[in-house]
Amino acid sequence: MAGLLDIDSMPEPARSTVLRTVSALPPPDGIVSDFTNSHHRADIAIAVTTTFMVLSTTAFVTRYYSQFLMGRLFAFPNVLGIIGFGAYCGLVGTTFRLVVLKTFWNHTWNFSLMQISDVLFELYLQPLFYCVLTCFIKPTILYEWKRIFVPRGVHNGFTRTCNVLIIISILFYNAYFIALQFYCRPYRKIWRRWATGTCFDRGHLDIPCAVFNLVLDLFIFALPQRIIWGLQTTRIRRLGITIVFSVGLLAVGCAAGLVYTLSQLNYSSDFMHDQGPAIICLLAESTCVMLVFCVPMIPKALEDTWILRILGPLSEYPLSIVQGRKASTKERLSTVGGKSTHWNGWVFSRVFRGSDSKLSSTSGDGLHRDHDDSSQIGLARLDPVAKADGPNGILRTTEISMEVSAQSGRPWDGSEQEAAATEDVLRPPNRVVLG
543 MAGLLDIDSM PEPARSTVLR TVSALPPPDG IVSDFTNSHH RADIAIAVTT TFMVLSTTAF
603 VTRYYSQFLM GRLFAFPNVL GIIGFGAYCG LVGTTFRLVV LKTFWNHTWN FSLMQISDVL
663 FELYLQPLFY CVLTCFIKPT ILYEWKRIFV PRGVHNGFTR TCNVLIIISI LFYNAYFIAL
723 QFYCRPYRKI WRRWATGTCF DRGHLDIPCA VFNLVLDLFI FALPQRIIWG LQTTRIRRLG
783 ITIVFSVGLL AVGCAAGLVY TLSQLNYSSD FMHDQGPAII CLLAESTCVM LVFCVPMIPK
843 ALEDTWILRI LGPLSEYPLS IVQGRKASTK ERLSTVGGKS THWNGWVFSR VFRGSDSKLS
903 STSGDGLHRD HDDSSQIGLA RLDPVAKADG PNGILRTTEI SMEVSAQSGR PWDGSEQEAA
963 ATEDVLRPPN RVVLG
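Note that our numbering has the sequence shown beginning at 543, numbered continuously upward.
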């Protein structure tokens, strides 16, 4: 009925009356529109939204507390994460606003033109907040995946895949954000459907975006798995690492649900009744993305607490990053044909639960060594460092500090001659394994 009326050209009293009394969709035969006491399921929406908000907020606060403990509170990924969490709060806010507007599992004919205008405006804001959230958080997750699983300065298939996905995701979400501004002309027709103008089918925008999210979430989940299960550690510890980095599997499930619910929407009929599951899936996928971003950093905040003591071996995994410290050219890995051939002192630090506990010993050659008590290190000689899983593997799962001096007592000056002399000193006649 609204399509047959030129509402914008009506005088104000008549215009307001039409907007308050005409339904957004003609009801079926035998059904009367109810603009005030229509049936809807606010209870489900409130319970689900509150649960998601509590989960995300708890994970977010815990992550940033751990980053504060590590002195990285204002690191670049954390700044991007704050922006993304702000967008997530906007998404939660619009969901609660839709609850107030009696949107969930309500029929379109139970909304007047004025009421449906308010609903459509919130539905217009939701994908905008989602774009900002995913444009900042998902590339940041991929960036941190590189820092966790690849030493700094090493470029392999893993880093190239992450870089490509970062670029593609940023371009795609920006394109989707722009497209949302132009699918209705004039612009106000996006939420004022009685205005004169035209709109494209919203499904032509939403469904491709949902499919892209599903594919990207699959990559984020799958990328670390091969490296995790190639670690030279016990199966129970690998399982612990997998659990941390498998929160993305929940995001994959929610993204698949979002694709399905959006494909069931019919924007030309009673779309409001079917909008509820799509909104829930959108919020669920956004929550899982926030958890993927936050969970790997959480154990640092729980260090030395009863929670990690209960988990036992499952908690013994990298808490934040494998941090390859920037070194001078003489300190970097020399490579020939893409494989490591000599170790010139590249320092890798890995944060572990209980990593402050170290042993100190002196071997038969008189060299003083500090080593972590969680490993057995063969010190027969400093042979080239072998990677755990080919060129893509993580070099070590312990933190080792050494101070070496030549026989002359002078500290090593970094020269090749001094390195050769030092290596001769470090080569005992028999293999020594420190337990």
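Positions of the beta carbon are idealized from the N, C-alpha and C atoms, including for glycine. Being a predicted model, the structure only gives us computed values, none of them experimental.
Quiz item: Taking DSSP as the reference, what is the three-state secondary structure of T776?
Solution: The DSSP-derived three-state label of T776 is coil.
Quiz prompt | As assigned by DSSP and simplified to three states, the class of T740 | solution = strand
Exercise. Could you spell out where the alpha helix (DSSP H) holding V603 opens and where it closes?
Key: A584 to L611
Quiz item: So is E554 buried or exposed if we call it buried at 16+ other beta carbons inside 10 Å?
Solution: exposed
Quiz item: Between which two residues does the alpha helix (DSSP H) containing R768 stretch?
Solution: G745 to I770
Practice problem: Taking all protein chains shown into account, decide if V693 is buried (16 or more other Cβ within 10 angstroms of its Cβ) or exposed. | Solution: Inspection of the sequence shows that residue 693 is occupied by Pro rather than by Val. Answer is buried; the Cβ neighbour count reaches 16.
Self-check item: Local conformation of R727 per DSSP, three classes
Solution: Note: R727 maps to strand in three-state DSSP.
Practice problem: Would you mind sorting V831 into buried or exposed? The rule is 16 or more other CB atoms within 10 Å of its CB. | Solution: Counting every other CB atom within 10 Å of its CB across the protein chains shown gives V831 a total of 16 or more, marking it as buried.
Self-check item: Reference Y718, options N705, R735, W736 and R744, closest by Cα
Solution: R744
Exercise. Could I get the ranges of all uninterrupted alpha helix (DSSP H) runs contained in the segment 803 to 838, with 4 residues as the minimum, in chain order?
Key: 813 to 836
Exercise. Check S654 in the structure and name its three-state DSSP category.
Key: Residue state, collapsed to three classes: strand.
Quiz item: Which residue's Cα is closest to the Cα of L825: G699, F653 and T676?
Solution: Of G699, F653 and T676, the residue nearest in Cα terms is T676.
Self-check item: Endpoints, the alpha helix (DSSP H) within which R557 is located
Solution: E554 to T563
Quiz item: Using CA coordinates, which residue listed in I624, G790 and L807 is at the minimum distance from V757?
Solution: G790
Exercise. Check K644 in the structure and name its three-state DSSP category.
Key: K644 carries a coil assignment under DSSP once its states are collapsed to helix, strand and coil.
Self-check item: Proximity winner among T637, Y630, D576 and L567, relative to T829 (alpha-carbon distances)
Solution: Y630
Exercise. From the DSSP output, in three-state form, read off I573 for me.
Key: coil
Quiz item: In whole angstroms, what is the alpha-carbon distance linking I732 and I778?
Solution: 53 Å
Quiz item: By Cβ distance, which residues of its chain are closer than 6 Å to L760, with the 5 residues on each side in sequence left out?
Solution: V794
Quiz item: If you count every other CB in all the chains shown that lies within 10 Å of the CB of S862, and 16 or more means buried, which is it?
Solution: For S862, the predicted structure reports a pLDDT of 36, less than 50, and the residue's modelled location is therefore unreliable. A value from the coordinates is still provided. The residue in question, S862, is buried, as its Cβ has 16 or more Cβ neighbours within 10 Å.
Quiz prompt | Nearest-angstrom beta carbon gap, L567 and D812 [assumed within contact, 8 Å] | solution = Indeed they touch by this definition, with Cβ atoms about 6 Å apart.
Quiz item: Alpha carbon to alpha carbon, how far is M612 from K842?
Solution: 8 Å
Quiz prompt | F714, DSSP secondary structure in three states | solution = helix
Quiz item: Which of helix, strand or coil does DSSP assign to V696?
Solution: coil
Self-check item: Contacting residues, own chain, Cβ-Cβ under 8 Å from G879 (five flanking each side not counted)
Solution: Any reading at G879 needs caution, since the residue's pLDDT is 41, under 50, leaving its predicted position unreliable; the model's value is listed next. None.
Quiz item: With distances taken between CB atoms, is the gap from V978 to I549 smaller than 7 Å?
Solution: There is simply no residue 978 to check, as the chain begins at 543 and stops at 977 in what is shown.
Exercise. List the whole-angstrom C-beta distance separating T636 from Q668, where the pair is believed to meet the contact cut-off of C-beta under 8 Å.
Key: 5 Å
Quiz item: By DSSP, does S659 sit in helix, in strand, or in coil?
Solution: helix
Quiz prompt | Which of helix, strand or coil DSSP assigns to N705 | solution = helix
Quiz prompt | Between the CA atoms of G699 and Y672 - distance to the nearest angstrom | solution = 29 Å
Self-check item: P838 vs V786 beta-carbon contact at 7 Å
Solution: The beta carbons of P838 and V786 sit closer together than 7 Å.
Practice problem: Using the Cα positions of V864 and I749, report the straight-line distance between them to the nearest angstrom. | Solution: Its pLDDT being 36, under 50, V864 is placed unreliably in this model, and the value from its coordinates should be taken loosely. In a straight line, the C-alpha of V864 is about 37 Å away from that of I749.
Self-check item: W733 (DSSP reduced to helix, strand or coil)
Solution: coil
Practice problem: Give a yes or no on whether the C-beta atoms belonging to S575 and N652 are separated by under 7 Å. | Solution: yes
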